Amino acid sequence: MPTLQRQSTFFFLMSEKELKRHIRKLEERIQYLEEVNRLTWDALEMAGSVGRFKTSIRNLDNVSTILQETRTRVEKLVPFKASAFFLVDETNSQFYLADCKPEEHSQFFRDEVDSLVSNGTFSWALREQRPVIVSSRKQKRLVLHVMTTASRTRGMFIGSLERGEKDIPHISLALLSIVMLNSANMLESFELYKMIKDINVDLEKTVVERTKELTYRVKLENLIATISTTFINLALAEIDTGIVHALQVIGKFINADHGYILLLSEDATSVDNGYEWCAEGVGSQIEKFRGLELEDFPLLAERIRKFENLHIPSVAELPLAAKADSGLLELLKIESLIVVPMVSGNAVVGLLGFDWVSEGKSWTDETVALIKIVGEIFINALQRKRAEQEKKELETKLQHAQKLEAIGTLAGGIAHDFNNLLMAIQGNASLVLFDIDPTHPFYEFLTNIKNQVESGAKLTRQLLGYARKGRYYVQPININELVENTSEAFGRTRKEIIIHRELTGDLFAIEADQSQIEQVLMNLFVNAADAMPVGGNVVLKTMNATHKDMKGKLYDPKPGNYVQLTVTDTGKGMDKETLERIFEPFFTTKEMGRGTGLGLASTYGIIKAHGGYIDVESELGRGTTFTIYLPASEKKVQKAVETAKQIIEGRGTILFVDDEAVILDMGVKVLKRLGYTVLEAKGGREAVEIYKAKKDVIDLVILDMIMPKMGGGEAYDRMKEINPNVKVLLSSGYGIESQAREILKRGCDAFIQ
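Residue numbers (the working numbering): 405 to 1157.
Dropping the structure here:
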């Protein structure tokens, strides 16, 4: 049966009352469907606009506007009596009430949320990701909807309805989900925008600060480059003022109150000297720094040992462990400072520092690094200054040494020739004295001649000593014994002089000619006494030393051990001009007839001939100190045994060789007078020929070392080829030099002067 026919039959059988009731239901159904239809169209229209919030996130200051617009859209979907938004606090992940309308329902929603959290409903609603309708404790229905994005949960929406109200259409609930999703996204967008905005603000601030720092750094780098260029072209005499000016320029640039360079002692334990700049109104501190022991400033000393910078932004904030440091800085009225080590090679030689007396100051590592570069510029300038000064001093010393060497060569040649003349005079006088009786009228005259010749010979020995060509009998000796003996002997003759001895007990031995070292000591004693005409004190000191103790000298000592001897007097001292000439032969400040000017000259030559060094320090009115360094010896000291002098007559044949006619004639006469048969030769070649012809009868050859055409060394070698057992006594007016030593090493029997 058709449907329409069945419905007609159904209506026909109904009573009028039933029919009216049924019609009313149908009308309600139609009304409901029309309402659903309207809502559907409204929902479709709303669905197209729910994602579009009226206010741009760029114009938002907080989330309230987003929540208010969200509530407006929700109220178009569902007529809630009250609603609230709970958002997540990012700091502790807890929910807090962000918005409620009406406000008087705030406590109601807080209580309901606490209850829902306690019974687990809230967590369940969060997981559902859709509208959830639950009963409240106060005869109401609650609609819960999580506000979430792909990244995290943003919050929870809660709306309240009376229990008797009709159900919410499904389409409205679906649209509610869309609204909540878009609201959550809007909240996240606002958060991201705010984050980006904050980042941009911080970035802009950073850019400004960085630009400022870079500008400052560029200016400082340009300043340092200018200083560097200035020092490259700076004259030696302008370096000191240039350093002070550079300290001023840098100090003003970094707004410091005080800038300084502190140069350290050689052992880097104390402040030796320095340079300083002070801002206007700031007092000088350089005298307080000078002599400062670094151990009094432990923090600085530790940093120096590690080649590190010391940066103290605030002295007041130093820890208790740095009490000594803070106390010293407070004494100097320093509030803040920065100090960088000035390094040369592997050692800290100085400190570059800036400090502030008015306020604390902090600097970046880059600025500290640039200040360290300034320290390197200063070090280079100071090293150049020192190198130039040392070069100048070395040039002066070299010129002085060359002058002394030239004078020594001249003096040695004169002394050698003069000695030959004296030898002839003395020899002839001695020969005559051999043959006449002491009662003869000429005996006294001849004796006077001999004595005066001996006095002249002493002068020639001093000249030869200065020229380092004197006669030396080298043996291990204890210089303490020489100092005691010679000073006692001298003290007996000059009782107005008080002699103090400070002699080291375990002193090294030296290899030296005892008589020559005694001569050195007597020369120094006499020089000290002459500087103290009315009396005074002489201090004699001996000690062991090494080449490492001889630093800062203009000479470069050979490595090894040395014996150091100092002779200090309390006399009138010497000026600079006198100091430069004291070792020149014949130079004297004494009046005519009071001195020869050879004492200190021969002292200089004797010390040099022994491989030693001599220094002198003196100031007018403050006395003089001579310091002598002699190479130490490992040989044991032996007591000398003196033998009585006697003339021994001999026999045999001697070949006497010398190119000086006076010496040859005198030598032949003396040897014959002593009982020898003598053959003579005027040079090396003639001597070789005579020896070749008469080698069987010649018992000894006395051979001059220095002769023209063929010297003593070559003549000896030729004779040794003729007879390997030839006996040769090498002779020279000079001392036993390297040439004579070499001939002795080749087998020559002995040497006489």
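Don't be surprised by glycine CBs; every beta carbon is placed ideally from N, CA and C. Treat the numbers as computed from the prediction; the structure is a model and nothing was measured.
Closest Cα partner of residue i within the set the options
i, options, result
"residue 1059", "577, 1107 and 1065", "1107"
"residue 1012", "1023, 1032 and 1092", "1032"
"residue 890", "928, 954 and 583", "928"
"residue 944", "926, 670 and 1009", "926"
"residue 1131", "1113, 1036, 1041 and 1095", "1095"
"residue 937", "902, 960 and 924", "902"
"residue 835", "583, 1077 and 494", "1077"
"residue 519", "533, 541 and 537", "541"
"residue 536", "1022, 726, 469 and 563", "563"
"residue 752", "669, 734, 1104 and 618", "669"
"residue 983", "954, 963, 1006 and 1021", "1021"
"residue 1056", "688, 595, 733 and 1100", "1100"
"residue 827", "1113, 1146 and 1071", "1071"
"residue 1039", "976, 506, 1134 and 916", "916"
"residue 900", "880, 961, 914 and 935", "935"
"residue 502", "479, 765, 474 and 832", "474"
Reduced DSSP category for residue i - H, G, I as helix; E, B as strand; rest coil
i, result
"residue 780", "helix"
"residue 425", "helix"
"residue 965", "strand"
"residue 1028", "strand"
"residue 407", "A caution first: residue 407 carries a pLDDT of 48, below 50, which makes its placement in the model unreliable, though a value can still be read off. Residue 407 falls in the helix class under three-state DSSP."
"residue 898", "coil"
"residue 522", "helix"
"residue 827", "helix"
"residue 498", "strand"
"residue 692", "helix"
"residue 686", "coil"
"residue 394", "This structure cannot speak to residue 394, because the chain is shown only from 405 to 1157."
"residue 1062", "coil"
"residue 913", "strand"
"residue 948", "strand"
"residue 511", "helix"
"residue 548", "strand"
"residue 844", "coil"
"residue 1069", "helix"
"residue 893", "helix"
"residue 1085", "strand"
"residue 838", "helix"
"residue 1014", "coil"
"residue 728", "helix"
"residue 953", "helix"
"residue 1036", "strand"
"residue 465", "coil"
Cβ of residue i within 8 angstroms of any chain B Cβ
i, result
"residue 620", "Of the protein chains in this structure there is only one, and it is not chain B."
Opening and closing residue of the beta strand (DSSP E) in which residue i lies
i, result
"residue 1088", "Unbroken run through residue 1088 is the alpha helix (DSSP H), 1088-1098; no beta strand (DSSP E)."
"residue 560", "557-566"
"residue 534", "Segment: none, residue 534 is in no beta strand (DSSP E) and carries neither H nor E."
"residue 1017", "1017-1022"
"residue 879", "878-881"
Residue i: CB within 7 angstroms of a non-hydrogen atom of the ligand GTP
i, result
"residue 617", "Absence of the ligand GTP is noted for the structure shown, with no ligands found whatsoever."
Extent of the continuous alpha helix (DSSP H) to which residue i belongs
i, result
"residue 583", "574-636"
"residue 929", "918-934"
"residue 702", "702-709"
"residue 647", "643-657"
"residue 478", "468-481"
"residue 982", "980-983"
DSSP bridge partner residues for residue i (one or two, in chain order)
i, result
"residue 505", "487"
"residue 679", "665"
"residue 1135", "1108 and 1156"
"residue 760", "740"
"residue 904", "943"
"residue 752", "747"
"residue 716", "741"
Okay, do the region 765-778 and the region 662-678 touch, 3+ Cβ pairs below 8 angstroms being the bar? no
Assess, as a yes-or-no matter, whether the region 756-763 is touched by the region 646-664 under the definition of 3 or more beta carbon pairs within less than 8 angstroms. Yes, the region 646-664 touches the region 756-763.
Below 8 angstroms, can you find three or more Cβ-Cβ pairs linking the region 714-723 to the region 731-746? yes
Given 8 angstroms, three or more beta-carbon pairs between the region 549-558 and the region 524-535: Yes, they touch.
Cβ contact (3+ pairs, closer than 8 angstroms) linking the region 774-793 and the region 628-636: yes
Would you call the region 565-585 and the region 599-617 in contact, with 3 or more CB pairs under 8 angstroms? no
Is the region 506-517 touching the region 478-496 in the sense that three or more CB pairs, one from each, lie closer than 8 angstroms? By the criterion of at least three beta-carbon pairs nearer than 8 angstroms, the region 478-496 is in contact with the region 506-517.
With a cut-off of 8 angstroms, do at least 3 Cβ pairs link the region 638-645 to the region 608-628? no
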